[in-house]
Amino acid sequence: MNGLIGRGAIMVSLPFILLGIVAVPAAVRRGRREWIGLAYGSVYANFFLVTAAALSMVVALVTHDFSVSYVAQVGSRETPLFYTIISLWGALEGSILFWAWVLSLYAALVVSFNRDRLGNLVPYAAMTLLCISLFFAILLTGPANPFRSVFPVPADGPGPNPLLQNHILMAVHPPLLYLGYVGMSVPFSFAVGAVLSGEAESNDWIRLTRNWTIGSWAFLSAAIIAGMWWSYEVLGWGGYWAWDPVENASFLPWLTATAFLHSAMVQERRSMLRVWNLNLVVGTFVLTILGTFLTRSGIISSVHAFTTGTIGYYFLTFIALVMVVALVLVAGNSDRLKTVGRFDSPASRETIFLLNNLFLTAFMLTVLVGTLFPLVAEAVRGVKVSVGGPFFNRMSLPLVAALLFLMGVGPALPWKSASRDELRAKLLPPAIGAALLGAIGLFMGIRDVYGVLVFAFVGYAAAANLREYWIGARARRVARHESWPVAVGRLISSNRRRYGGYIAHLGVFFVALGIAASSTMRTEREATIKPGETISVSGHTVRLQQLWGRDEKQRSVVGATFAVLGSGGGTMEPHMNFYATSQEPVPTPAVRSGVLGDLYLNLMAFRPDGSTATVKIIYEPLVPWIWFGGGVVVLGAIVGAWPTAKRKRAASIPMARQLEPRDNAA
Amino acid sequence: MTQTSRSSKRFIIAGAVVIAAVFAYLLYGGLDKNVVYFLTPHELLAKGTRGVEVPVRLGGQVKPGSVKWNDTTLELRFTITDGTSDIAVHSTGAPPQMFRDGMGVVVEGRYARNGVFDCTNLMVRHSNEYRPPKPGESPQETYKTLIKGSGS
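Residue numbers (numbering that gives the first Met the number 0), protein chains in the order written: chain A, 0 to 665; chain B, 0 to 151.
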């Protein structure tokens, strides 16, 4: 029954999608404005139908309806309800269904927010989103149909992949990633809409696109951080980033989207970089599809890759189509989009934005080359190779250091041109911050050149950043007699975009410090110890108390209890979870976080009689700063994209406020 | 277009070209040195001296009866085989809990001059498909004594 509803909903959505796709060009050509309503109606219909399909899948999962192929594949009566629900995105077919649902949601939101906008941009954008929906609907009816009926109906299933039912972050990371990934379809659809409707010359579409990009970018940033956290908490190696092809796949569109968020400002302010921005938007979308292809085609092996059949060919065809469309759009319009703005001086904010884009693009190309090289080498030369972490680290560290430095310089410089005195006044004082944080890094014991450089540049950029708040707030204090907190708050709310960006920068600084300290200052030790014995690393000592085991409904758990000696006390219990479907246990490290760092314990092996345990103990400084910084980045994005209500905008006019006695009384 | 803007444009273009060239050089050099070949023992031995002391990923099966694991020194020695050739592997650190004879493994490291492969990273080749364990290799057998023993 559930299978029938799901299959039916997807089948019925196809004609609606096709109708919507045809309606837009027909409406424009014939001048029949009312037909566009038809396209918008199709977008809504598609949303309701895919929602129905997704809900019927959730119902099938929860009620253990093993007649549905996807449930037979990932369901199990033993799996707790929570993990049963989130196994919706735990395997290929379900993840494609979830993807299609998120896409239909975005399309419906785009239409409902912008349906009153004049011109043909939004209709064409809706058409583009429907075209992408069509691709996913085809996948769902063909190679990735999760609703096939299974006969005879099995009594039980194997349950989700053990790695995916071992940690609560599995409920967070994938949806965030889909929201970020799929969200990049929206800027792409606006870009297509802008070109087709002839609005690409105005900067208005950039403004429209920017806020949607910030939203998707925030989801993607949060997803990347959550993925790092998941890897840290579940995989048991004490790291959070391995330059795994699939991690790279999520990072690539993030880099181009970040570049776009910056270069969009140059276009708005100075009417430059118009073709470039179009390229970035299109490139970001292509990279998300490429990422999905890498993840879902099984072409690379990784924790994330699902085994599959033919779906890879569908994706390759789709990527090729998107690339051709993109090339035609960008190349066919580059003449019309020539720069009208003029570049005034190398000492200006524009220069910094250009460099920022250059470095981010170079970063993206490095990661792309490193990720795709093994595929190319195997196809061309028939050799199996892998590109390891050293390559990525070596290539990215100088770029990261340079980008951090620019984050200090950019906000301090004015648009157009800065005088020599201005440069000196703006760029010299933050050097104190660089010296201070560089010294702190050295004092902490960092000896790695890039580690110290990152600390110093973060110090520089953070000092420059905080100085902007200080200067702005001080001006408000003097002019309006506001207290410091009020001045800072109103400073931010009066220019959300700017200060939202600065807040996001602050978050990046936390992340950078966390990564620099934890990757250069990590100390670890591995040993086999008996109960009663201790093991220590950089001043932190734990004592093994006992090994234990217990049976849970869907798994068996073997753990070790360690007493933490010295500060804090208490116990830590790293364990291994044995699932019936997996030969390998899933490690579950114990992490104790402090402001300055994490103590990380992982149970590596044990004697079945409980007489010894092999344990890895790691001390990693500043790791929690990465997670905290990720939160700050998202906060910055929220501040930057928060819609300024009309009423509020009026209230923020200072004269209006002073004339209102009630405001003072409150 | 004024003189200043033209010269600054030239400045920008020149700068971009220089940065792009440096970047391309680094990219090439970095890839050249950091590509790790994936080989079987047979292929590695066939490379002769060119296969010695370079980073390699070696894939094969754990030769039955070859595993020696010292849990005090954490030294793990075993032989990896592809059916035709064998290579002795030495690594430090605990093997995966389910490490056993005949399983597929990938070891990352260097083939040293003394004919032993120094492994820095030991990976078990996973298969996503479920296969019921054969008698004697069931994971339960390793932990069920512990569960009974602890009485919980």
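Each residue gets a CB set at the ideal place from its N, CA and C atoms; glycine is no exception.
Straight-line measurement puts the Cα of residue 426 of chain A at about 12 Å from the Cα of residue 461 of chain A. Per DSSP, the unbroken alpha helix (DSSP H) holding residue 504 of chain A starts and ends at 495-519. By the Cβ-count criterion, residue 146 of chain A is buried, with 16 or more other Cβ atoms from all chains shown falling within 10 Å of its own Cβ. At a cut-off of 9 Å, the C-beta of residue 393 of chain A has a neighbouring C-beta in chain B. Between residue 514 of chain A and residue 625 of chain A, the gap from beta carbon to beta carbon is short of 9 Å. Bounds of any beta strand (DSSP E) do not take in residue 429 of chain A, whose DSSP letter is neither H nor E. Secondary structure note for residue 106 of chain B: it is in no alpha helix (DSSP H), and the uninterrupted beta strand (DSSP E) holding it is 103-110.
The C-beta separation of residue 43 of chain B from residue 25 of chain B comes to about 29 Å, leaving the pair out of contact by the 8 Å criterion. Contact annotation: residue 548 of chain A and residue 558 of chain A have beta-carbon atoms nearer than 9 Å. Under the Cβ distance rule, residue 71 of chain B counts among the residues neighbouring chain A, one pair being separated by less than 9 Å. Between residue 51 of chain A and residue 4 of chain A, the beta carbon gap of about 7 Å places them in contact (Cβ cut-off 8 Å). Taking all protein chains shown into account, residue 545 of chain A has fewer than 16 neighbouring C-beta atoms within 10 Å of its C-beta and is therefore exposed.
Within 8 Å of the CB of residue 529 of chain A, no CB atom of chain B is found; the nearest one sits about 10 Å away. Inter-residue distance for residue 242 of chain A and residue 371 of chain A is about 12 Å (C-alpha atoms, whole angstroms). Nearest CB-CB separation between residue 15 of chain B and chain A: below the 9 Å threshold. Under the Cβ criterion (8 Å, minimum of three pairs), the stretch 153-162 of chain A does not count as touching the stretch 205-218 of chain A.
For the stretch 23-35 of chain B, the beta-carbon criterion of a distance under 7 Å to any beta-carbon of chain A is satisfied by 25, 26, 29, 30, 33, 34, 35. Taking all protein chains shown into account, residue 551 of chain A has fewer than 16 neighbouring C-beta atoms within 10 Å of its C-beta and is therefore exposed. Among the residues of the stretch 103-118 of chain B, those with a Cβ less than 9 Å away from any Cβ of chain A are 107, in the order of the chain. Looking at the DSSP output, residue 547 of chain A bridges to A:558. 382, 383, 384, 385, 386, 387, 389, 390, 393, 394: these are the residues of the stretch 373-397 of chain A whose beta carbon lies less than 7 Å from some beta carbon of chain B, given in chain order.
Apart from sequence neighbours up to five positions away, the residues of its chain that approach residue 362 of chain A with a beta-carbon distance below 7 Å are 254, 395, 398, ordered along the chain. It is roughly 14 Å from the alpha-carbon of residue 331 of chain A to the alpha-carbon of residue 275 of chain A. Contact of residue 607 of chain A with chain B is assigned, a C-beta pair being separated by under 9 Å.
Beyond the five residues adjoining it in sequence on each side, residue 114 of chain A comes within less than 8 Å, by CB distance, of 39, 121 in the same chain, given in chain order. Considering only beta carbons, the part of the stretch 533-554 of chain A lying closer than 9 Å to chain B consists of 545, 546, 547, 548, 549, 550, in chain order. The stretch 186-194 of chain A makes no contact with the stretch 88-103 of chain A: fewer than 3 CB pairs, one atom from each, lie closer than 8 Å. C-alpha of residue 22 of chain B to C-alpha of residue 376 of chain A: approximately 21 Å in a straight line. Within chain B, the residues whose beta carbon sits less than 8 Å from that of residue 368 of chain A are 26, 30, listed in sequence order. In the three-state DSSP reduction, residue 39 of chain B falls in the coil class, being neither helix nor strand.
At a C-beta separation below 7 Å, residue 12 of chain B has no neighbours in chain A, since its nearest C-beta there lies roughly 11 Å away. Counting along the chain, residue 90 of chain B sits inside the beta strand (DSSP E) bounded by residues 85-91. Going by DSSP, residue 68 of chain B is part of no alpha helix (DSSP H) but of the beta strand (DSSP E) stretching over 67-69. Contact of residue 37 of chain B with chain A is assigned, a C-beta pair being separated by under 9 Å. Taking residue 30 of chain B as reference, the option from A:124, A:368, A:24 with the minimal CA-CA separation is A:368. If you look at residue 214 of chain A, you'll find it in the alpha helix (DSSP H) that goes 203-233.
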